[in-house]
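Take a look at the structure set out below.
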Amino acid sequence: APYRSRLVAGYLIGYRVPVDKFQRTLTNIGPCETFDDLGCVVGWDTYVRGGNPGFGRGRLGHWYPTGYEPMAEKRWLCTNPLTWTRDEGPAKAELHLGAVGLTASGSRLSRYSLFILHPENLPERALQRPIVRHSSAECRGGVLYIPEPEEEAFSRVVMGRGSYHIYDYGLFYMNIRRNAQDRVAAYFASARPATPSP
Numbered sequence: 298a299p300y301r302s303r304l305v306a307g308y309l310i311g312y313r314v315p316v317d318k319f320q321r322t323l324t325n326i327g328p329c330e331t332f333d334d335l336g337c338v339v340g341w342d343t344y345v346r347g348g349n350p351g352f353g354r355g356r357l358g359h360w361y362p363t364g365y366e367p368m369a370e371k372r373w374l375c376t377n378p379l380t381w382t383r384d385e386g387p388a389k390a391e392l393h394l395g396a397v398g399l400t401a402s403g404s405r406l407s408r409y410s411l412f413i414l415h416p417e418n419l420p421e422r423a424l425q426r427p428i429v430r431h432s433s434a435e436c437r438g439g440v441l442y443i444p445e446p447e448e449e450a451f452s453r454v455v456m457g458r459g460s461y462h463i464y465d466y467g468l469f470y471m472n473i474r475r476n477a478q479d480r481v482a483a484y485f486a487s488a489r490p491a492t493p494s495p
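Under my numbering, the residues of the sequence shown are numbered 298 to 495, in order.
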């Protein structure tokens, strides 16, 4: 495909990607393994420690050439946004470059509407100053686990059973921003012609 060589990385954040998709249907792309890998995919789904990521697994499915298959038996892709690896070990909060929360007034429903249904109406003033060293993070069993945030900015719309899906980006905003810069720099460095020897 003509665009394959131009792919820097795919950020499938908050989406449950079964790892077996890379062997069965996405055979020309794989998970990123380091912070500057190119032409690959990162992804995670955030839960607080003690949350129940099994919710919905039986009802959700993914398409394969043989038809839909339920999530119940599958392992998900988990990239730790503090290390940009798939290692199943804790990453310390010292690696956290900054979380960015959202502020809004009104009822739970109106906040949900503001965040999800009409993001184009989100005022610039709703972005807060990044909270540096906000959280540790750990991939375990295909799920990204964090300690429960104490800040109000991350307690507005928490989905059930410990899911922090609505904050998958905001919790790691500055790390994502830095990583996008690192990968783009690596892409352009790899695209430069080699300097001829004298």
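Beta carbons are placed, not taken as given, at the ideal position from N, Cα and C, and that holds for glycine.
Rounded C-alpha distance that separates residue i from residue j
i: Gly336; j: Ala482; result: 13 Å
i: Arg346; j: Ala486; result: 39 Å
i: Leu394; j: Arg372; result: 28 Å
i: Ala488; j: Ser452; result: 43 Å
i: Arg321; j: Cys329; result: 17 Å
i: Ala396; j: Gly467; result: 6 Å
i: Tyr312; j: Leu374; result: 9 Å
i: Arg301; j: Pro444; result: 37 Å
i: Ala388; j: Val316; result: 22 Å
i: Asp333; j: Glu366; result: 32 Å
Anticipated Cβ contact below 8 Å, residue i with residue j, distance rounded
i: Glu435; j: Gly386; result: 7 Å
Cut-off 6 Å between Cβ atoms - residues of its own chain near residue i, not counting five sequence neighbours on either side
i: Phe319; result: Gly327
i: Pro378; result: Phe469, Asn472
Contacts around residue i, its chain only, beta-carbon distance under 7 Å, and the 5 residues preceding and following it disregarded
i: Ala477; result: none
i: Gly459; result: Tyr344, Val345, Gly347, Gly348, Asn349
i: Val305; result: Leu335, Arg480, Val481, Tyr484
Buried or exposed by the 16-neighbour rule on C-beta atoms within 10 Å, applied to residue i
i: Gly439; result: buried
i: Tyr308; result: buried
i: Thr324; result: exposed
i: Tyr442; result: buried
>> For the structure I just gave you, are there three or more beta carbon pairs, one from the stretch 360 to 367 and one from the stretch 429 to 443, closer than 8 Å?
In response: no
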